[in-house]
Amino acid sequence: MTDIARLFGIEFPVFAFSHCRDVVAAVSGTGGLGVFGASVFTPEEIEIELDWIDRHSHGGPYGIDFAFPPRATDSGPGAEPDLPAQHRAFVADLLNRYGVAEFPAGTDEERATYRGVDFGDYDEALEVVYRHPNCRLVVSALGTPPSGVVERAHAEGRLVAALAGKPEHAVRSVAAGVDIIVAQGSEAGGHAGSVSTMVLAPQVVDAVAPTPVLVAGGIASGRQMAAAMALGGAGVWTGSMWLATEESDLSPEMVQKIVTADSWQTVQTRSITGKPCRVVRSAWSDAWEAEGSPKPLPMPAQGFLVEDAMRRIERASRDRDTGGLELLTCPAGQVIGQLTKVSKASRLLLDMVEEYIECVEDLERRLVAE
Ligand SMILES: Cc1cc2nc3c(=O)[nH]c(=O)nc-3n(C[C@H](O)[C@H](O)[C@H](O)COP(=O)(O)O)c2cc1C
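Residue numbers for the sequence shown, in this note's numbering: 470 to 839.
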C-alpha cells in the first residue's frame, strides 16, 4: 500500500492508460487504476464506454484522459483547417504507391469523419464523467488543462492529473491546481518530449514536491517499476504494455508488429498528429522522413490530413495483395521490445507487482550483505 494507492483505494500504484475499455476494466478490476483514453470518442460514446467499465471493473475506480484543446479556440468543432495541396498530394501518392484503396463509396467507412485529439466538446464529455462516480481521475494528456477544468473536477470530488515532459510544464500544472503529475520520458509511446524517463523523473519529482508524481515511459516490468519508485515516483503510469493483451482492441496485424518489434523499431514522428509522437516505425514514418517529403503540418492540421489515410491503411493491412501492412503503424514505446507474446492484462499486472516486490526485497538483501 502506498500513499497514492490509499488516495484512490486501490491495491497497487499502477496506472494503465488505454483507449480500450476492456483493458481499463481489467486493470481497475485487478487492483490497479485503468485510465480510459477518451479523446477520439464523442460524449455519447463516452457514456456507453464508462457505463460498460462500471459494469466490468468490479467496483474498482478508474480515470479518463483527454487531449484538451486550449480554451477560446477559434478552431472549434467543425472548423477544418486548410490543408495544403502539396501535402494532400503527398499522402495520395504514398497510398497509391502501396496499393491502398479508397473506402467503398457510400459506406459508413467512407462517411466517418475526424474527431481526433484537438477536437471535441470537452465540457459535454466532462458532464458525462461527472455522472460516473467511479471515474475518480481526470487527466490532461497535453499538459496543463484549460482554465475551469480543475476547479470543476475538484467540486465534483475528482482528482486531476497532467502529463509533463519538462519540469517547468509540471510546475505550471501544479500552479493551476493539478493534483498529480505524470512525468513521461521520451521512450514512451505516444506524444512525448526528448528527455528519457531516467533523467526526467527525478527532476520533475524535485520540482513539484510534495505533489505526487507518477513515472511514465519504458515501464512494463517489476524491475522497471522498482526503478521508477526509486526515482521518487508515487506510482507508475504505463501505456505500451497493454497493447499486446487479450483485451486490447488493436488489429491482429498491429499486435503482430508489436510482439515482433525490438526496442529499436519505434521512432518519434510528427507525421501522425503534428506533434512528436513515438510510433512503431513503418513505411509511413520513413516516407515522411525521406528527402524531399513535406514537413508535417502543425497539430491539429496533420491529424485532419492523415486520419482517413490511417483508417484506409488499417483496412488495407488485412489484404496481403497491397502494401498496407508495410505502412501500418500505431503509437508505441521502446518498451515493446520486451513484449513477445499476447497476455491477459490482469496477469501482466500481477506479474509486474510480484516482480516489483521481489526486486525490492533483493535490493534490501544486497544492501544488508554489503
Ligand atoms: C497507443 C498509445 C496511445 C496513447 N495515447 C495517449 C493519449 O491519448 N493521451 C495520453 O495522455 N497519453 C497517451 N499515450 C501515452 C500514455 O499515456 C503513456 O504515458 C505512455 O504510454 C507511457 O509510456 P510507455 O508507452 O513506455 O508505457 C499513448 C500511448 C500509447 C502507447
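Quick reminder that beta carbons are idealized off the backbone N, C-alpha and C, glycines included.
Just to check my reading of the structure: residue i and residue j have Cβ atoms closer than 8 Å, yes? What is that Cβ distance to the nearest angstrom?
i      : j      : result
ARG781 : VAL569 : 5 Å
LEU683 : GLY634 : Contact doesn't hold; Cβ gap of about 13 Å is too wide.
THR471 : SER815 : 20 Å between Cβ atoms; not a contact.
LEU606 : LEU628 : 5 Å
ALA695 : VAL651 : 18 Å between Cβ atoms; not a contact.
SER616 : PHE535 : In fact, because the Cβ distance is near 15 Å, the residues do not count as touching under 8 Å.
ILE727 : THR707 : The pair is not a contact, with the Cβ atoms about 14 Å apart (cut-off 8 Å).
VAL705 : PHE477 : Contact flag wrong, Cβ pair sits at about 14 Å.
At a cut-off of 8 Å, is residue i close to ligand 1 when judged by its beta-carbon and the heavy atoms of the ligand?
i      : result
PHE486 : yes
ASP755 : no
GLY704 : no
CYS604 : no
PRO553 : no
VAL608 : yes
GLY506 : yes
HIS556 : no
GLY659 : yes
GLN653 : yes
ALA689 : yes
GLU593 : no
GLN771 : no
PRO671 : no
ASP534 : yes
LEU564 : no
LEU712 : yes
ALA697 : no
LEU700 : no
GLN734 : no
GLY708 : yes
GLN803 : yes
GLY686 : yes
GLU480 : no
GLU518 : no
PRO681 : no
GLU656 : yes
CYS799 : yes
LEU632 : yes
Just to confirm the assignment, what range does the alpha helix (DSSP H) spanning residue i have?
i      : result
ILE650 : Unbroken run through ILE650 is the beta strand (DSSP E), 649 to 653; no alpha helix (DSSP H).
ARG460 : Given a span of 470 to 839 for the chain in the structure shown, any question on residue 460 remains unanswerable.
ILE517 : 512 to 525
LEU766 : Premise fails: LEU766 is in no alpha helix (DSSP H) and is neither H nor E.
TRP711 : Looking at the DSSP string, TRP711 is not in any alpha helix (DSSP H), and its letter there is neither H nor E.
GLY793 : 793 to 796
GLY501 : Counting along the chain, GLY501 falls outside any alpha helix (DSSP H), and DSSP gives it neither H nor E.
LEU632 : LEU632 -> not in any alpha helix (DSSP H); beta strand (DSSP E) instead, spanning 628 to 633.
VAL822 : 814 to 838
LEU563 : 554 to 566
ALA645 : No alpha helix (DSSP H) contains ALA645, which DSSP labels as neither H nor E.
LEU669 : 666 to 677
LEU683 : Element bounds for LEU683: not the alpha helix (DSSP H) but the beta strand (DSSP E), 682 to 685.
GLY691 : 691 to 699
SER786 : Looking at the DSSP string, SER786 is not in any alpha helix (DSSP H), and its letter there is neither H nor E.
VAL597 : 591 to 599
ASP844 : Given that the chain is displayed from residue 470 to residue 839, the structure contains no residue 844 and the question cannot be resolved.
GLU625 : It is not in any alpha helix (DSSP H) - GLU625 carries neither H nor E in the DSSP assignment.
GLU758 : 752 to 758
What residue range is occupied by the uninterrupted beta strand (DSSP E) comprising residue i?
i      : result
SER487 : 483 to 487
ASP534 : 531 to 535
GLN737 : 735 to 738
ARG747 : 746 to 749
ALA570 : Taken as a continuous stretch (DSSP letters only), ALA570 belongs to no beta strand (DSSP E), as it is neither H nor E.
LEU476 : Here LEU476 belongs to no beta strand (DSSP E); instead the alpha helix (DSSP H) covers 472 to 477.
VAL728 : Unbroken run through VAL728 is the alpha helix (DSSP H), 721 to 729; no beta strand (DSSP E).
Three CB pairs or more closer than 8 Å across the stretch 739 to 749 and the stretch 767 to 781: yes
Decide yes or no for the touch test of the stretch 713 to 720 against the stretch 797 to 813: beta carbon pairs closer than 8 Å, at least 3 of them. yes
Do the stretch 636 to 648 and the stretch 556 to 567 touch if we need at least three Cβ pairs shorter than 8 Å? no
For the pair the stretch 745 to 754 and the stretch 822 to 834, tell me if three or more CB-CB distances fall below 8 Å. no
Touching or not, the stretch 591 to 600 and the stretch 479 to 497, by the rule of three or more beta carbon pairs under 8 Å? no
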